[in-house]
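In this note's numbering, the protein residues as written are 139 to 396. For glycine and all other residues, C-beta sits at the position ideal for the given N, C-alpha and C. Values in this document were obtained by computation on a predicted structure and should not be read as measured data. Have a look at the structure below before the remarks.
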Amino acid sequence: FCVYCNTMQTKIARHLELKHRNEEKVKKFLSLPKKSRERREAINQIRKKGNFKFNTQADLNSGSMIVVRRPTKKEKQCGSHFLPCSNCEGYYSISNLRHHYRICAKKKDTVRNILKLGRSVAQSVHNRASFKLRKDILPIMRNDNIYNLIKYDLLIILYGNYLCQIHRLQHLGDHIRQQLRLIGRYLEALKSIETKIEELQMLFDPKYYDIAIQAVNVVAKYNEDTESYEIPYNATALGTCLKKLCKILINECIKQHE
139 FCVYCNTMQT KIARHLELKH RNEEKVKKFL SLPKKSRERR EAINQIRKKG NFKFNTQADL
199 NSGSMIVVRR PTKKEKQCGS HFLPCSNCEG YYSISNLRHH YRICAKKKDT VRNILKLGRS
259 VAQSVHNRAS FKLRKDILPI MRNDNIYNLI KYDLLIILYG NYLCQIHRLQ HLGDHIRQQL
319 RLIGRYLEAL KSIETKIEEL QMLFDPKYYD IAIQAVNVVA KYNEDTESYE IPYNATALGT
379 CLKKLCKILI NECIKQHE
């Protein structure tokens, strides 16, 4: 994908030479000897910049992704299994990113931090997410189905923004992540009970009241024999969270004149 004219190209080096030879980075690789390692690296840098632009701007693609190494049919994976290198912005599978980063950035780092940096660069979250939520909270969370539900749900993101505002101290980041994952598990339970629920704000339709209670029972592990919860904290915490979510949704509807 060409970073300059936003078009797909099968021969990016030739395209850059013919159409964008006046760009500074193109001038740089044209000045290098053909078939040299330095020239290949300069072209790869431009290629990765273009592919990163394609992968991170929704108006440029329709849900597809360009990665450095295409997965085989046997290892066919979805987009959530890939992250960009924070150094070169090329997209690699999560399992290979740590190996690539240590060579690319020429320094060692923990796997957790490498993945955090990749998620921070990708910024593949709802556009209403605050700076702190986008940069400090979400990138550290475990990348699983719960995380994927959280990062694109508007109401959960607004709740995350609210938590970031009231819990400003650095050490409270884990508390924010725990609250978001609890709501994420709750949304997962809701969707498993009622497939028509696509996002959390749909829960506040009165017709889903009974389903809301059922989902709490799932997350808190309600035991019908003892008529008690195995994880009572989850039931209590969800009750508090849902009250706050209701207020946030009302405020959002007022602002949007709905």
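query                                                                                                                                                            : result
In this structure, what does DSSP give as the bridge partners for Phe220?                                                                                        : Ser231
Give me the Cα-Cα distance between Lys382 and Ile150, rounded to the nearest whole angstrom.                                                                     : 51 Å
Could you say if the region 219-234 and the region 185-193 meet the contact criterion of at least three C-beta pairs nearer than 8 Å?                            : yes
Mind checking if Ile369 is an interface residue toward chain C, Cβ cutoff 8 Å exclusive?                                                                         : Of the chains in the structure shown, none is chain C; there is only one protein chain.
Specify, as a first and last residue, the run of the alpha helix (DSSP H) that Val249 falls within.                                                              : Val249 to Ala260
Taking the alpha carbon of Gln308 as the point to measure from, which residue in Pro344, Leu271 and Tyr324 has its own alpha carbon closest?                     : Leu271
Among Ala373, Arg315, Tyr300 and Ala350, which residue has its Cα nearest to the Cα of Lys385?                                                                   : Tyr300
Residues in its own chain within less than 7 Å of Asn144 by CB, not counting five upstream and five downstream?                                                  : Leu198
Can you name the residues that DSSP bridges to Tyr360?                                                                                                           : Tyr367
Is Ile275 near the ligand FAD - that is, is its Cβ less than 7 Å away from at least one heavy atom of it?                                                        : Looking at this structure, you won't find the ligand FAD or any other ligand, since it has none at all.
Measure the alpha-carbon distance for Asn361 versus Ile184 and round it to whole angstroms.                                                                      : 58 Å
Taking the alpha-carbon positions, what's the Arg280 to Met146 distance?                                                                                         : 33 Å
Can you tell me whether Pro94 is buried or exposed, with buried defined as 16 or more other CB within 10 angstroms of its CB?                                    : Shown here, the chain extends from 139 to 396; a query on residue 94 therefore has no answer.
Could you tell me the alpha carbon to alpha carbon distance between Glu135 and Ala373, rounded to whole angstroms?                                               : The question about residue 135 has no answer here: the residues shown for the chain are numbered 139 through 396.
Which one of Asn234, Glu337 and Leu287 has the shortest CA to CA distance from Pro209?                                                                           : Asn234
What does the alpha-carbon distance come out to for the pair Arg315 and Ile294?                                                                                  : 11 Å
Comparing alpha-carbon positions, which option in Arg175, Glu176, Leu296 and His219 lies nearest Phe269?                                                         : Leu296
Here's a check: name, in chain order, each residue in its chain whose Cβ is nearer than 7 Å to the Cβ of Lys246, leaving out the five neighbours to either side. : Arg240
Taking the straight line between their C-alpha atoms, what separation do you get for Tyr346 and Gln195?                                                          : 35 Å
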